[in-house]
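Below you'll find the structure, written out as structure tokens, and then a few comments.
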Amino acid sequence: MRDFSNDHRWLSLNTATVRKQGDLVAIIEACARHGIRAIDPWRDQVAATGLDRAVKAVRDAGLELSGYCRGGMFVADAAHRIEARDDNRRAIDEARALGAPCVVLVVGGLPQYSRPGSVASRDIAGARTQVHDAIAEMLDYAKAAKMPLAIEPLHPAYAADRACVNTTKQALDICDALDPTRSGALGVALDVYHIWWDPDLLPQIARAGKQRLMAFHVCDWLVPTKDILNDRGMMGDGVIDIPSVRAAVEAQGFSGYSEIEIFSDDWWSKPMDEVLKTCIARHRTAV
Numbered sequence: 036m037r038d039f040s041n042d043h044r045w046l047s048l049n050t051a052t053v054r055k056q057g058d059l060v061a062i063i064e065a066c067a068r069h070g071i072r073a074i075d076p077w078r079d080q081v082a083a084t085g086l087d088r089a090v091k092a093v094r095d096a097g098l099e100l101s102g103y104c105r106g107g108m109f110v111a112d113a114a115h116r117i118e119a120r121d122d123n124r125r126a127i128d129e130a131r132a133l134g135a136p137c138v139v140l141v142v143g144g145l146p147q148y149s150r151p152g153s154v155a156s157r158d159i160a161g162a163r164t165q166v167h168d169a170i171a172e173m174l175d176y177a178k179a180a181k182m183p184l185a186i187e188p189l190h191p192a193y194a195a196d197r198a199c200v201n202t203t204k205q206a207l208d209i210c211d212a213l214d215p216t217r218s219g220a221l222g223v224a225l226d227v228y229h230i231w232w233d234p235d236l237l238p239q240i241a242r243a244g245k246q247r248l249m250a251f252h253v254c255d256w257l258v259p260t261k262d263i264l265n266d267r268g269m270m271g272d273g274v275i276d277i278p279s280v281r282a283a284v285e286a287q288g289f290s291g292y293s294e295i296e297i298f299s300d301d302w303w304s305k306p307m308d309e310v311l312k313t314c315i316a317r318h319r320t321a322v
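Going by our numbering, 253 is the number at position 218 of the sequence shown; the sequence numbering is gapless.
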């Protein structure tokens with residue numbers, strides 16, 4: 036396993052971690068100040084900044100991307116499926132302009148939450164079928180653009196409103212069905228917050244292998260967790276054995292960034308520079 040104790044060369048900042056403290060340009064400038072060499076920006080932040088300006092800011096700062104958040108939210112009623120398809124094609128185009136290595140997919144839950152305005156449904160099996168079919172369609176466009184797609188399984192607490200793909204096994208089943216030759220076009224983004232509890236995690240990481248492991252996200256699970264969405268912990272403040280998960284991922288040959296992604300009302304209330312200094316310190320000691 037790589038030694039992170041002496042530097043933060045392999046730290047990437049998911050820009051949601053400090054989204055309340057500044058716009059994307061301010062975040063990029065702060066990363067440059069602190070020697071952070073990569074980011075994973077969110078589409079709403081890019082839209083607020085403007086794609087051309089965002090591209091220039093990334094390039095001027097000499098930053099790399101570890102991913103692009105996010106595509107997906109596929110599940111919709113018939114009236115909204117073309118909207119979902121077109122939106123995901125735009126995500127691919129934006130990711131390509133920014134130089135991202137992959138688009139991270141949060142696949143969506145039930146249609147009324149994934150695509151507002153859709154007719155409500157409780158059919159989660161049908162939602163999962165829609166996800167499979169929509170990724171198959173998106174994959175054709177992504178391959179033409181040479182933009183890999185990374186399915187992110189989310190904790191089961193998000194099955195209704197954010198993602199009905201909840202385990203690494205489910206995500207890899209889709210990968211194997213749609214990309215059986217392991218072409219590099221489809222893989223997974225593994226976030227320890229969502230997968231740490233899974234008793235089948237380590238065998239599934241081995242199943243993924245280097246070709247399927249496209250992104251690795253870190254934060255921590257607090258006990259108690261006050262808000263399932265916006266109370267993630269800084270690495271080392273919770274119960275996840277992050278180094279063990281990273282060791283398993285790196286044993287398969289993953290050598291990319293450890294991307295810090297923290298949704299937290301607490302950390303959003305602190306100055307950006309303080310948050311980034313803490314991220315760097317914990318990256319060296321708790322990741």
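Cβ coordinates follow ideal geometry from the N, Cα and C atoms, glycine included.
- For the pair glycine 268 and leucine 257, the CB atoms are nearer than the 8 Å cut-off.
- DSSP lists Phe251 as the bridge partner or partners of leucine 225.
- The alpha-carbon of proline 188 is positioned some 33 Å away from that of aspartate 95.
- Per the DSSP secondary-structure output, alanine 185 pairs in a beta bridge with Val139 and Gly222.
- Glycine 106: member of the beta strand (DSSP E) spanning 103-107, first to last residue.
- Boundaries of the alpha helix (DSSP H) harbouring leucine 59: 59-68, taken from the DSSP string.
- For the pair leucine 174 and leucine 213, the CB atoms are nearer than the 8 Å cut-off.
- Segment contact: the segment 177-186 against the segment 146-154, fewer than three CB-CB distances shorter than 8 Å; contact not assigned.
- The alpha-carbon separation between phenylalanine 109 and glutamate 118 amounts to approximately 9 Å.
- Around the C-beta of asparagine 41, fewer than 16 other C-beta atoms lie within 10 Å, and the residue is accordingly described as exposed.
- If you check the CB distance, methionine 36 and glutamate 285 come in under 8 Å.
- By the CB criterion at 8 Å, tyrosine 103 and alanine 61 fall outside the cutoff.
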